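Novice: Can you read through this structure? Questions will come right after.
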Amino acid sequence: MDPATIASNFDRIVDDALFWVTDHAAFLFDGLRLGFEGFYGAAFWALGGSPWYVTMILLGLAGWRLIGAGAGLAIAAGLAVCAFMGLWSETMSTFALVLSATFLALLVALPIGILAGFNPLLNRAVEPVLDLIQTMPPYIYLLPAIALLGFGPATALAATLIVAMPPAIRLTALGISRTPAEFLELGKSLGMRRGQMFLKIRLPFAVPSIMAGINQTLMMAFGMVVIAGIVGSGGLGQTIYDAIRTLDIAKSIDAAIAIVILTMVIDRLTQSMAQRKGSGA
Amino acid sequence: MTTGSMNAGEILLDCQSAWKIFGTRAPAAMDAVQRRNLGKREVLQEFDCVVGVSDASFQVGRGEIFCIMGLSGSGKSTLIRMLNRLIEPTSGQIKVKGRDIGAMSEPDLRELRAKHMAMVFQSVALLPNRTVLENAAFGLEVRGLPKAERNQTAKAALAKVGLADWMERYPGELSGGMQQRVGLARALTSDPEIILMDEPFSALDPLIRRQLQDEFRQLTKELGKSAIFITHDLDEAIRIGDRIAIMKDGVIIQTGTAEELILNPADDYVAEFVAGISKLHLIKAHSVMIPPAEFQREHPGVGLESLPLTSPDTDIDGLIELMVGHRSAGLAVVEAGQIAGVVTPTSLLLGVKGSQASETGGH
Numbered sequence: 001m002d003p004a005t006i007a008s009n010f011d012r013i014v015d016d017a018l019f020w021v022t023d024h025a026a027f028l029f030d031g032l033r034l035g036f037e038g039f040y041g042a043a044f045w046a047l048g049g050s051p052w053y054v055t056m057i058l059l060g061l062a063g064w065r066l067i068g069a070g071a072g073l074a075i076a077a078g079l080a081v082c083a084f085m086g087l088w089s090e091t092m093s094t095f096a097l098v099l100s101a102t103f104l105a106l107l108v109a110l111p112i113g114i115l116a117g118f119n120p121l122l123n124r125a126v127e128p129v130l131d132l133i134q135t136m137p138p139y140i141y142l143l144p145a146i147a148l149l150g151f152g153p154a155t156a157l158a159a160t161l162i163v164a165m166p167p168a169i170r171l172t173a174l175g176i177s178r179t180p181a182e183f184l185e186l187g188k189s190l191g192m193r194r195g196q197m198f199l200k201i202r203l204p205f206a207v208p209s210i211m212a213g214i215n216q217t218l219m220m221a222f223g224m225v226v227i228a229g230i231v232g233s234g235g236l237g238q239t240i241y242d243a244i245r246t247l248d249i250a251k252s253i254d255a256a257i258a259i260v261i262l263t264m265v266i267d268r269l270t271q272s273m274a275q276r277k278g279s280g281a
Numbered sequence: 001m002t003t004g005s006m007n008a009g010e011i012l013l014d015c016q017s018a019w020k021i022f023g024t025r026a027p028a029a030m031d032a033v034q035r036r037n038l039g040k041r042e043v044l045q046e047f048d049c050v051v052g053v054s055d056a057s058f059q060v061g062r063g064e065i066f067c068i069m070g071l072s073g074s075g076k077s078t079l080i081r082m083l084n085r086l087i088e089p090t091s092g093q094i095k096v097k098g099r100d101i102g103a104m105s106e107p108d109l110r111e112l113r114a115k116h117m118a119m120v121f122q123s124v125a126l127l128p129n130r131t132v133l134e135n136a137a138f139g140l141e142v143r144g145l146p147k148a149e150r151n152q153t154a155k156a157a158l159a160k161v162g163l164a165d166w167m168e169r170y171p172g173e174l175s176g177g178m179q180q181r182v183g184l185a186r187a188l189t190s191d192p193e194i195i196l197m198d199e200p201f202s203a204l205d206p207l208i209r210r211q212l213q214d215e216f217r218q219l220t221k222e223l224g225k226s227a228i229f230i231t232h233d234l235d236e237a238i239r240i241g242d243r244i245a246i247m248k249d250g251v252i253i254q255t256g257t258a259e260e261l262i263l264n265p266a267d268d269y270v271a272e273f274v275a276g277i278s279k280l281h282l283i284k285a286h287s288v289m290i291p292p293a294e295f296q297r298e299h300p301g302v303g304l305e306s307l308p309l310t311s312p313d314t315d316i317d318g319l320i321e322l323m324v325g326h327r328s329a330g331l332a333v334v335e336a337g338q339i340a341g342v343v344t345p346t347s348l349l350l351g352v353k354g355s356q357a358s359e360t361g362g363h
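Respectively, the protein sequence lines represent chains C and G.
All the letters of the first sequence, read from the start, carry residue numbers 1 to 281 under UniProt numbering.
All the letters of the second sequence, read from the start, carry residue numbers 1 to 363 under UniProt numbering.
Structure below.
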């Protein structure tokens, strides 16, 4: 067999497998799609359901409480800019996608990270998978997602989920595995049970690392959600993709500005939450 | 090996021939050690295993402070961790209050650690996100006691170590000495019979260290606790301990009171260690006195009854004062109404040097 045949055989096997899955597990992916869309819909309703100034004021207040008055004002002003550019609905749609993708990613990543932190063997098995996910170009995940989940936000969510998980898994595992030895000894010398050791010793020491992982996951989700505009995610990603197709440079720059603002808002808010958690005081 | 006199009373902790060999082939190495009497070097060469503690035996009575002194790498930290099974002994038996802890089930062991043996670490290991009070109450929290109750007990313990005004602070706001007091309070909160102290004061400034040593000894005696105290500092061991075990290369070379170690060092290693120690307060009259008959042979004209009297427990410092004050040829040591011996200027000088009076004959 010459190499070309092997390659085309491989391609055919992959295609066949995908078709087989779409044919035979359709109910599964339909369910998944409904679940994802419902989740995203709820987040979008919460953020974009009320008039824009209400959401703006609430997020501004959150910034004021978590960071300070200046940050609160800056957040409110930035969001107002998004609204005045006529991109409010798109901005909130992207925000909803990022939040729901991050939430779902953490739902999977945190338990895996915790288990990997306890079990070096599992960690060694997980590492190469994460390496693979992170080295592949993120577009790759869009195609199978389209095939299985169709065009729309559910696909964007699924692809984003996969891209966003690795940092949370890695940093959670790191945090859990790096409990200072003297505190493990302390726990044992006090007669702690395993569950107590986890909740009272390991987890508190891992919190800063876990929070850093969550923040990273959020940022990864952000990057991917914009790329997922290609598959009809809606939101700012799609605005940019449409602007590129019609060569509408002004529109694409507007959307880019909105993305930068939204990134900064989310990053500042979550980082300050992480610091509050981390310092514990 | 000489074994020092035991305090009369109940034996709380009995460590019988405990071994710890580190390495994947530890059981085989242990077997070989017992069958063929292998040494440390052979075990390393043949089994690639390290002997951490070899054949350590000692007993600690109720209310006794037992110091284990050794330099780094002597195995003292390994030994103390075997006493509550933080490190599993390779061989040997450790009994706490008559129960073999090696045979204990997980729940029994947890109960032993939570209620009967507390540990204080060199690194203190205070949880940075909890207040001093919460840290002191941590052991009771683990045991699931209600908050009001555990805080009350922890407050009492903190008051005992002089930290009543610092309960709402965080460990980071405290000096090293104060942090170590919190560590001690945390150990006292669970009201254990035995406190394991793993070089608790080693990282502190000398002045603070001496202060804590005295406070620790006083507190332990007051509360009637037993303690096993690990240190690399002989001065500390002497200051704190009722008895001292000296460890080297995993072996307990000698166990005894400070006086016994100084007067009868088991080998050159111990002798070298005790050489620099001031004997003024450690050696007592009963160790330096000579028999009355010998005194009378040397001083035929002096009557025993004319000598100033002193007790067997008077230390050298006190004896020198008496001797200088009376300018007499000797001091009569009275025990149970009888003259048990006489301290002469010569025997006193030998005592200052750290030799026993009985050696006088030869010199």
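For glycine and all other residues, C-beta sits at the position ideal for the given N, C-alpha and C.
Treat the numbers as computed from the prediction; the structure is a model and nothing was measured.
Answer yes or no: do C/A210 and C/G232 have a C-beta to C-beta separation smaller than 8 angstroms?
Specialist: On the first sequence, position 210 is the one that residue 210 of chain C refers to. On the first sequence, position 232 is the one that residue 232 of chain C refers to. It is worth fixing the name first, because residue 210 of chain C is Ile in this sequence and not Ala. No Cβ-Cβ contact shorter than 8 angstroms links C/I210 with C/G232.
Novice: Entirely within the region 307-362 of chain G and at least 3 residues each: give me those beta strand (DSSP E) ranges in chain order.
Specialist: 331-335, 338-343
Novice: Under 7 angstroms Cβ to Cβ from G/P89, same chain only, skipping five residues before and after it: list those, please.
Specialist: The count along the second sequence starts at 1 and reaches residue 89 of chain G at position 89. Answer for G/P89: A18, W19, K20, M82, G102, listed in chain order.
Novice: Please report the straight-line C-alpha distance between G/I252 and G/G73, rounded to a whole angstrom.
Specialist: Taking the second sequence and counting its residues from 1, one reaches residue 252 of chain G at position 252. Taking the second sequence and counting its residues from 1, one reaches residue 73 of chain G at position 73. In a straight line, the C-alpha of G/I252 is about 13 angstroms away from that of G/G73.
Novice: Do G/L13 and G/V142 have their beta-carbon atoms positioned less than 8 angstroms apart in this structure?
Specialist: Here residue 142 of chain G refers to the residue found at position 142 when the second sequence is read from its first residue. Here residue 13 of chain G refers to the residue found at position 13 when the second sequence is read from its first residue. It is not a contact, given that the beta carbons lie outside the stated cut-off.
Novice: Does the beta-carbon distance from C/V126 to C/Y141 come in below 8 angstroms?
Specialist: If you number the first sequence from 1, residue 126 of chain C lands on position 126. If you number the first sequence from 1, residue 141 of chain C lands on position 141. Result no, Cβ atoms of C/V126 and C/Y141 do not sit closer than 8 angstroms.
Novice: Give, in chain order, every residue of the region 78-105 of chain G whose Cβ lies closer than 9 angstroms to some Cβ of chain C.
Specialist: For chain C, the residues of the region 78-105 of chain G that bring a beta carbon within less than 9 angstroms of one of its beta carbons are R81, N84, R85, L86, in chain order.
Novice: Closer than 7 angstroms: is that where the CB of G/I246 sits relative to any heavy atom of the ligand SAM?
Specialist: Of the ligands one can find in the structure shown there are none, so the ligand SAM has no counterpart to examine.
Novice: Let me check understanding here. Comparing Cα to Cα, which of G/D313, G/P291, G/T310, G/I283 lies closest to G/L349?
Specialist: Taking the second sequence and counting its residues from 1, the one referred to as residue 349 of chain G is at position 349. The shortest Cα separation from G/L349 among G/D313, G/P291, G/T310, G/I283 belongs to G/I283.
Novice: If we ignore side chains and look at the alpha-carbon of each, how far apart do G/T3 and G/R327 end up?
Specialist: The count along the second sequence starts at 1 and reaches residue 3 of chain G at position 3. The count along the second sequence starts at 1 and reaches residue 327 of chain G at position 327. In this prediction, G/T3 has a pLDDT of 43, which is less than 50 and means its spatial position is unreliable; nothing more can be read from the coordinates.
Novice: Using the rule of at least 16 other Cβ atoms within 10 Å of the residue's Cβ for burial, across every protein chain shown, is G/L168 buried or exposed?
Specialist: Here residue 168 of chain G refers to the residue found at position 168 of the second sequence. The amino acid at residue 168 of chain G is misidentified as Leu; the sequence shows Glu. The residue in question, G/E168, is exposed, as its Cβ has fewer than 16 Cβ neighbours within 10 Å.
Novice: Closer than 7 angstroms between beta carbons: that is the criterion. Which residues of the region 217-231 of chain C meet it against chain G?
Specialist: none
Novice: Mind checking if C/A281 is an interface residue toward chain G, Cβ cutoff 8 angstroms exclusive?
Specialist: In the first sequence, residue 281 of chain C corresponds to position 281, counting from 1. Bear in mind that the predicted position of C/A281 carries a pLDDT of just 38, short of 50, making it too unreliable to give a figure here.
Novice: Residues of the region 183-201 of chain C with a CB closer than 9 angstroms to any CB of chain G: list them in chain order, please.
Specialist: F183, E185, L186, G187, K188, S189, L190, G191, M192, R193, Q196, K200, I201
Novice: Using a Cβ cut-off of 8 angstroms, pull out every chain G residue sitting near C/P204, in sequence order please.
Specialist: As a position in the first sequence, residue 204 of chain C is number 204, starting the count at 1. The contacting residues are L127, N129.
Novice: Between the C-alpha atoms of G/N7 and G/G276, what's the straight-line distance to the nearest angstrom?
Specialist: Sequence index remark: in the second sequence, residue 7 of chain G carries index 7 (1-based). Sequence index remark: in the second sequence, residue 276 of chain G carries index 276 (1-based). Residue placement at G/N7 is flagged as unreliable, the pLDDT there being 46, under the threshold of 50; a coordinate-derived value is accordingly withheld.
Novice: Using CA atoms only, rank isn't needed, just tell me which of C/L47, C/F39, C/P166 is closest to C/I114.
Specialist: Against the first sequence, residue 114 of chain C aligns to sequence position 114. Residue C/P166 is the option with its Cα nearest to C/I114.
Novice: Whole angstroms are fine: how far does the CA of C/F10 sit from the CA of C/A281?
Specialist: Sequence index remark: in the first sequence, residue 281 of chain C carries index 281 (1-based). Sequence index remark: in the first sequence, residue 10 of chain C carries index 10 (1-based). Bear in mind that a pLDDT of 38 at C/A281, under 50, signals an unreliable position, so the model cannot answer this.
Novice: Using DSSP bridges, identify the partner residues of G/A18.
Specialist: What you label residue 18 of chain G is simply residue 18 of the second sequence in a count that begins at 1. Paired residue(s): G/A56.
Novice: Identify every residue that forms a DSSP beta bridge with C/A76.
Specialist: Position 76 of the first sequence, counted from the first residue, corresponds to residue 76 of chain C. Bridge partners of C/A76: none, in fact.
Novice: Which partner residues does residue 365 of chain G have in the DSSP bridge list?
Specialist: Any property of residue 365 of chain G remains undetermined from this structure, which presents chain G solely from 1 to 363.
Novice: For a test of the three-state rule: what should DSSP assign to G/I277, helix, strand or coil?
Specialist: Working through the second sequence from its first residue, we reach residue 277 of chain G at position 277. In this structure, G/I277 counts as coil in the three-state DSSP scheme.
Novice: Compare the C-beta of residue 364 of chain G with all C-beta atoms of chain C and state if any pair is closer than 8 angstroms.
Specialist: Residue 364 of chain G is absent from the structure shown; chain G starts at 1 and stops at 363.
Novice: Relative to chain C, which residues along the region 139-156 of chain G have a C-beta separation below 7 angstroms, given in chain order?
Specialist: G139, V142
Novice: Is it right to say C/G229 is buried, meaning 16 or more other beta carbons lie within 10 angstroms of its own, or is it exposed?
Specialist: Along the first sequence, one-based indexing puts residue 229 of chain C at 229. By the 10 Å Cβ count, C/G229 comes out buried.
Novice: For the alpha helix (DSSP H) that contains C/M56, what are its first and last residues?
Specialist: Within the first sequence, residue 56 of chain C is the residue found at index 56, counting from 1. Residues 52-66.
Novice: What number of angstroms, rounded off, separates the C-alpha of G/G9 from the C-alpha of G/P300?
Specialist: As a first step, residue 9 of chain G is located in the second sequence; it is residue number 9 there, counting from the start. As a first step, residue 300 of chain G is located in the second sequence; it is residue number 300 there, counting from the start. Whole-angstrom Cα-Cα distance: 45 angstroms.
Novice: Please classify C/F19 as buried or exposed, where buried requires at least 16 neighbouring CB atoms within 10 angstroms.
Specialist: The sequence position of residue 19 of chain C within the first sequence is 19, counting from 1. By the neighbour-count rule (16 or more Cβ atoms within 10 Å), C/F19 is not buried but exposed.
Novice: Under 9 angstroms between beta-carbons, which chain B residues line up against G/E134? List them in chain order, please.
Specialist: Judged by its chain identifiers, the structure shown contains no chain B, and its protein chains are C and G.
Novice: Spell out the partners DSSP gives G/A245 in its beta bridges.
Specialist: The residue you call residue 245 of chain G lines up with position 245 of the second sequence. Answer is G/I68, G/T255.
Novice: So which residues of chain C does G/S123 contact, with C-beta pairs closer than 7 angstroms?
Specialist: As a first step, residue 123 of chain G is located in the second sequence; it is residue number 123 there, counting from the start. Correct list: E182.
Novice: Of all the residues that make up the region 236-252 of chain G, which are near chain C by a beta-carbon distance shorter than 7 angstroms?
Specialist: Those residues of the region 236-252 of chain G that come within reach of chain C (Cβ to Cβ, closer than 7 angstroms) do not exist; the list is empty.
Novice: Identify the continuous alpha helix (DSSP H) that holds G/Q122 and give its terminal residues.
Specialist: Here residue 122 of chain G is taken as the residue at index 122 of the second sequence, counted from 1. DSSP places G/Q122 in no alpha helix (DSSP H); its state is neither H nor E.
Novice: Hey, how far is the Cα of C/V54 from the Cα of C/S252?
Specialist: As a first step, residue 54 of chain C must be located in the first sequence, where it is residue number 54. As a first step, residue 252 of chain C must be located in the first sequence, where it is residue number 252. Looking at the two C-alpha atoms, the distance is approximately 26 angstroms.
Novice: Taking 8 angstroms as the threshold (beta carbon to beta carbon), is G/R110 in contact with chain C?
Specialist: Position 110 of the second sequence, counted from the start, is the residue given in the question as residue 110 of chain G. Taking 8 angstroms as the CB threshold, G/R110 lines the interface with chain C.
Novice: Mind reading off the beta-carbon distance from C/V265 to C/L79? Whole number of angstroms is fine, and I expect it under 8 angstroms.
Specialist: In the first sequence, the residue the question calls residue 265 of chain C occupies position 265. In the first sequence, the residue the question calls residue 79 of chain C occupies position 79. About 7 angstroms separates the beta carbons of C/V265 and C/L79, which is inside the 8 angstroms limit, making them a contact pair.
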